[in-house]
Structures are given as structure tokens and as C-alpha cells.
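Numbering (this note's numbering), first residue to last: 17 to 179.
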């Protein structure tokens, strides 16, 4: 029996997501992330990997990336959340999704997409609605920068309004 089923997402209103078909224990391997192995040069030379469309690309090592932008990559339906219940793991040239906490039957699988903080972060708004969401799809280690930026902006507004 598969550990997941495809349904309309509670996070991505326009798309689909993967949901647990039974209770799943932390550490369980849920699904393989499949795709085409490509060289770093192919990644750099292709216009397929621009920020104007979804990117399903993983760094495998210094030489290769894994392009998961194919209809048969069911793991590509897993949406981002700032309070994720799954994470990506791998060994060699393989990547899979595993539970990082216990997941209840019917719960949507989510991962932290791990985007870094750079000048393009505003192109990737987050819709997860979790308590610790910073409003953008950024890896957990980078969210403090946005939270700090918002805190400073709000502090400056308060000071300006009190004058």
C-alpha cells in the first residue's frame, strides 16, 4: 500500500499535494524523488531553470544536478512549508523524501525547499500559513533575515507614527 495519495493541496490553492494514507512514524522513507541526472554545465546553459517558473532541481554533487521537472516525478507535488514534516535525504545519486516527525493519516506532506536568501527572495512568496512563516520560501537558516528586516521596518513605522 502506498504511503501517499494525490489530492488538492491545502497550501497551494491552484495545485495538488501528497497526503498520508496512514499514520507514518518519524524516519520513514516515503517516496523517491526521481528525475534526470544532468551536468552543472547543462543547468547553467539551459533557460529552463530561470526564476519565472517552478524549478525542481537538486544539487547532487559538484558535477551533477537532478532535474525532477517531469510528470512522473510524483514527489514534485510535495509543497513547501516553513513548518515541514518531511525532508529530502539522499546517498550517491539518489534522493528521497522522509518523515522528520510523526505524520497523521490525511496530513499533507511538506518539505522546506531550502531556498537561500538573495536578492530574488521576493519572487517566491510562501503560502504555508504556519506560525513561523516569514512570507517567503526560504530555508529555515535564512528566515531570520526576513524576520529581522520586518522587525526593523515595523519599528521604524512605529517611531515615525509616534512623532
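Even glycine gets a Cβ: it sits at the ideal position worked out from N, Cα and C.
Proximity of the stretch 143 to 151 to the stretch 115 to 124 falls short of the contact definition, fewer than three beta-carbon pairs being nearer than 8 Å. Sequence-distant partners of residue 153 (beyond 5 residues in either direction) whose C-beta falls short of 7 Å from its own C-beta, in its chain, are 96, 129, 131, 140, 142. Under the rule that a run must span 3 or more residues, the beta strand (DSSP E) segments found entirely inside the stretch 101 to 132 read 102 to 107, 110 to 115. Using a Cβ distance threshold of 8 Å, residue 35 and residue 49 do not count as a contacting pair. Residue 109 counts as exposed, since fewer than 16 other beta carbons sit within 10 angstroms of its beta carbon. For residue 61, the enclosing alpha helix (DSSP H) has its first and last residue at 56 to 61.
As DSSP reads the structure, residue 81 sits in a beta bridge with 54, 75.
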